[in-house]
Structures are given as structure tokens and as C-alpha cells.
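K.L.:
Before I ask anything, let me first share the structure, which is written out below as C-alpha cells.
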Amino acid sequence: MTERRMAMNDNASAPQAPGNGFAAAAQPVAAQSVIHTDTDGLAAGMATLTVDGQDIPLYHVRPAGQDKLPVMIVVSEIFGLHEHIADVARRFAKQGYLALAPDLFVRQGDPSTIPDINTLMARIIRKVPDAHVMGDLDACVAWAAKNGADVDRLGVNGFCWGGRITWLYAAHNPRVKAAVAWYGKLVADPNPPGQPTHPIHIASSLTVPVLGLYGAKDTGIPVATVEQMIAALGAGTSDSAIVVYPDAGHAFNADYRPTYNAKAARDGFARALAWFREHGAG
Numbered sequence: 015m016t017e018r019r020m021a022m023n024d025n026a027s028a029p030q031a032p033g034n035g036f037a038a039a040a041q042p043v044a045a046q047s048v049i050h051t052d053t054d055g056l057a058a059g060m061a062t063l064t065v066d067g068q069d070i071p072l073y074h075v076r077p078a079g080q081d082k083l084p085v086m087i088v089v090s091e092i093f094g095l096h097e098h099i100a101d102v103a104r105r106f107a108k109q110g111y112l113a114l115a116p117d118l119f120v121r122q123g124d125p126s127t128i129p130d131i132n133t134l135m136a137r138i139i140r141k142v143p144d145a146h147v148m149g150d151l152d153a154c155v156a157w158a159a160k161n162g163a164d165v166d167r168l169g170v171n172g173f174c175w176g177g178r179i180t181w182l183y184a185a186h187n188p189r190v191k192a193a194v195a196w197y198g199k200l201v202a203d204p205n206p207p208g209q210p211t212h213p214i215h216i217a218s219s220l221t222v223p224v225l226g227l228y229g230a231k232d233t234g235i236p237v238a239t240v241e242q243m244i245a246a247l248g249a250g251t252s253d254s255a256i257v258v259y260p261d262a263g264h265a266f267n268a269d270y271r272p273t274y275n276a277k278a279a280r281d282g283f284a285r286a287l288a289w290f291r292e293h294g295a296g
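First residue of the sequence shown? That's 15 in this note's numbering, and the numbers climb one at a time after it.
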């Protein structure tokens, strides 16, 4: 069994793409995003999944003219499917993936219309049942299979709220080859209705290899809970690992916000790509 450890490491958008409305929810934001990934050589657009009668918007992007590609599901932060998340999807597409970014909050509302984070959490985020999210992500995988992708090379990459979902989806779907969870909450008390399980609960039974990327200065996810997760992973059999960046806080990959830490973000993305390839999702 591979040892689990906490590594202290200091080291133009597509037609119809999302991105018109996250500014209010994401305040304060940086003057502009640091990274802009173009669509040169890519085919990108929007599709609609239908899950139990609900339409789910899906941003999809891949290298143009290619199929049988590995699949990367990109799970958003609490701010939903906006231009930064679409840009992350394009980054994966540039690496040879069919990248999919679904709107997982469509049943509850539009995060971009909410003026502050506390209201956003109360009106939308705490009302999103995990079961709906798991079903929506299953629908993404089914869409990928129908559209010429290789779902036997399936990866999941999520941020913040999406980081927690990434841990849970890795436990939900054994077809996932590998996952990377960026600063997803690991422990919560009390649990909102419809969100009964957290990563700490599935750590010892997890079989899919998950790489967790966390910031030591993240006041919302104390290092003590990260250490608790490492211990729980150590009781299981998955080839999972956690890296903690000592100089990074929460949302250190969000290059449109003041929390962005370029050094940690670059290192994290490089580690993510290597992790996916090492474990058969690339």
C-alpha cells in the first residue's frame, strides 16, 4: 500500500461559452484573469443534458477533429459555470482531453445573481443534493461515451465546492481512473440536508486514486482536518495523496481573484496532469 503523506510544497473564449455573470458572486475579484486560454486548435461549445426531466447546460471542448480522447470533468467552485471554469476546461483540452464543465446549480438558481457569499451559500449551495450532482456527472460520462470519447480514461478535477464533489464522485463511480480535488472541504458539521457525506467519511473505503491540493493558510479548511483526512486515507487501499502548499490560502488557483497564488497554481496543475497520466486518465 502506497504511503499517504502531507507534502509541504513551496515550490478568446468559445462561441456560446459561459462567462457573462460571475462577477457579483465572486467579488472581490482581481482586475482581470491572469490566464486566458484561446480556442486555437480546439472545438468548443455548449450542449444540454437531460437528467430526470431537468436540462443541464454543459460546456464541452476538445482538440478539433479528434475522438477517442480521454475525458476530464471539471467541477466548479460555488460560483458555478463561468469563464474561469471554461478556461480551465480549455487548458485540459489543450493537453488532449475532451473536457466537460456542467452547470450543476441550474436547479437551484444562477450564482451570478447573488450579491454576497453568505446568501449564495444559503439560497443555492446548501440546497444542492449530492444525489443530483452524482447523477448529473454520470450523465456527463454518458454524453462523452456517445460523443466518441474514451470513458475508460476518465478523470475528474474540481475546485472548492467542486473539490469536495470530486472526492465523493471518485467514491461513487468506479469508472473514474483518477481525480484531483483542489481545496475541497473534508469535514463539515452539521451537514446540510441532502449532503450527508463528506470526504472524511469515504476515505478509508476509497479505491480511486485522488490527489488533494490544499493551502496551509486556508482558514476555511484547517490543516488539522487535512491531517485527519491523511490518516483516514492511510487506513484504506487507494493510492491517494495530499499536497499542502505552505504559502497558499483557499482558492489559490482562482486567477480572477486576489487569492490567486501563481506558484502554487502552476505546481498544482503540473501535478494534476502527471497524476492523471500516471493513473490511466490521460
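Glycine residues also receive a C-beta, built at the ideal position from the N, C-alpha and C atoms.
Once DSSP output is grouped into helix, strand and coil, what is the label at GLN122?
P.N.:
In the structure shown, GLN122 sits in coil (DSSP, three-state: anything other than H, G, I, E or B).
K.L.:
Which residue from VAL65, GLY55, GLY110 and GLN80 puts its Cα closest to that of PHE290?
P.N.:
The option with the nearest alpha carbon to PHE290 is GLY110.
K.L.:
Can you give me the Cβ contacts of SER90 inside the same chain, cut-off strictly under 6 Å, excluding the 5 residues immediately before and after it?
P.N.:
Taken in chain order, the residues that qualify are ILE99 and GLY176.
K.L.:
How long is the line joining the alpha carbons of PRO77 and LEU112, rounded to whole angstroms?
P.N.:
Their backbone Cα atoms lie some 7 Å apart in a straight line.
K.L.:
Rank ALA230, ASP164 and MET135 by C-alpha distance to the C-alpha of ALA265 and give the top, closest one.
P.N.:
The shortest C-alpha separation from ALA265 is found at ALA230.
K.L.:
Nearest by alpha-carbon distance to MET243: which of ARG178, GLY67 and ALA156 is it?
P.N.:
It is ARG178 whose Cα lies nearest to the Cα of MET243.
K.L.:
Quick check: the Cα distance between GLY250 and TYR259, rounded to an integer number of angstroms?
P.N.:
The alpha-carbon atoms of GLY250 and TYR259 are separated by roughly 24 Å.
K.L.:
Taking contact to mean 3 or more Cβ pairs, one atom from each stretch, closer than 8 Å, check whether the stretch 115-129 and the stretch 141-155 are in contact.
P.N.:
At 8 Å Cβ cutoff, the stretches touch.
K.L.:
Three or more C-beta pairs closer than 8 Å, one from the stretch 149-159 and one from the stretch 123-136: is that the case here?
P.N.:
No: the two stretches stay apart, fewer than three of their Cβ pairs being nearer than 8 Å.
K.L.:
Whole angstroms are fine: how far does the CA of ALA61 sit from the CA of THR239?
P.N.:
Going by the C-alpha atoms only, they are around 38 Å apart.
K.L.:
Comparing C-alpha positions only, which one of GLY169, GLY198 and ALA136 sits nearest to ASN2?
P.N.:
What the structure shows of the chain is the stretch from 15 to 296, and residue 2 is not part of that stretch, so it cannot be assessed.
K.L.:
Please state whether DSSP places ASN171 in a helix, a strand or coil.
P.N.:
Strand.
K.L.:
Using the beta-carbon count (16 or more within 10 Å), is ARG280 buried or exposed?
P.N.:
That one is exposed.
K.L.:
What are the start and end residues of the alpha helix (DSSP H) that includes ALA103?
P.N.:
Where ALA103 is concerned, the enclosing alpha helix (DSSP H) stretches over 97-108.
K.L.:
Buried or exposed: which applies to ALA268, given that a residue is buried once 16 or more other Cβ atoms fall within 10 Å of its Cβ?
P.N.:
ALA268 comes out buried.
K.L.:
Whose C-alpha, out of ALA262, VAL48, LEU83 and ALA255, is nearest the C-alpha of ALA57?
P.N.:
With distances taken between Cα atoms, ALA57 lies closest to LEU83.
K.L.:
Whole angstroms is fine: what's the gap from LEU247's alpha carbon to ALA103's?
P.N.:
Near 28 Å, if we compare the C-alpha coordinates of ALA103 and LEU247.
K.L.:
Using only the alpha-carbon positions, how far apart do ALA195 and CYS174 sit?
P.N.:
Roughly 8 Å between the two C-alpha positions.
K.L.:
Between which residues of its own chain and SER47 is the CB-CB distance below 8 Å, once the five residues before and five after are set aside?
P.N.:
Taken in chain order, the residues that qualify are GLU97, HIS98, ASP101, ASP269 and TYR270.
K.L.:
Excluding sequence positions up to five away, which residues of its chain have a Cβ less than 8 Å from the Cβ of ASP69?
P.N.:
Answer for ASP69: THR62, LEU63 and VAL120, listed in chain order.
K.L.:
Counting only runs that start and end within the stretch 182-223, where is the alpha helix (DSSP H) found for 4 or more residues in a row?
P.N.:
Here the runs fully enclosed are 213-216.
K.L.:
Name the one or two DSSP bridge partners that THR64 has.
P.N.:
Answer by DSSP bridge pairing, in chain order: ASP69.
K.L.:
Comparing alpha-carbon positions, which option in ASP150, GLY79, LEU182 and ARG189 lies nearest VAL65?
P.N.:
Nearest C-alpha to VAL65: ASP150.
K.L.:
Specify the secondary structure class of VAL89 as computed by DSSP and reduced to three states.
P.N.:
Strand.
K.L.:
Counting only the same chain and skipping the five closest in sequence on each side, list residues whose C-beta sits under 6 Å from that of GLY208.
P.N.:
These residues qualify, in order along the chain: PRO143.
K.L.:
Locate the beta strand (DSSP E) running through LEU114, then write down its first and last residues.
P.N.:
Looking at the DSSP string, the run of the beta strand (DSSP E) that includes LEU114 is 112-116.
K.L.:
With distance defined between alpha-carbon atoms, name the residue in PHE93, GLY172, PRO116 and ALA276 nearest to THR133.
P.N.:
Comparing Cα positions, the closest option is PHE93.
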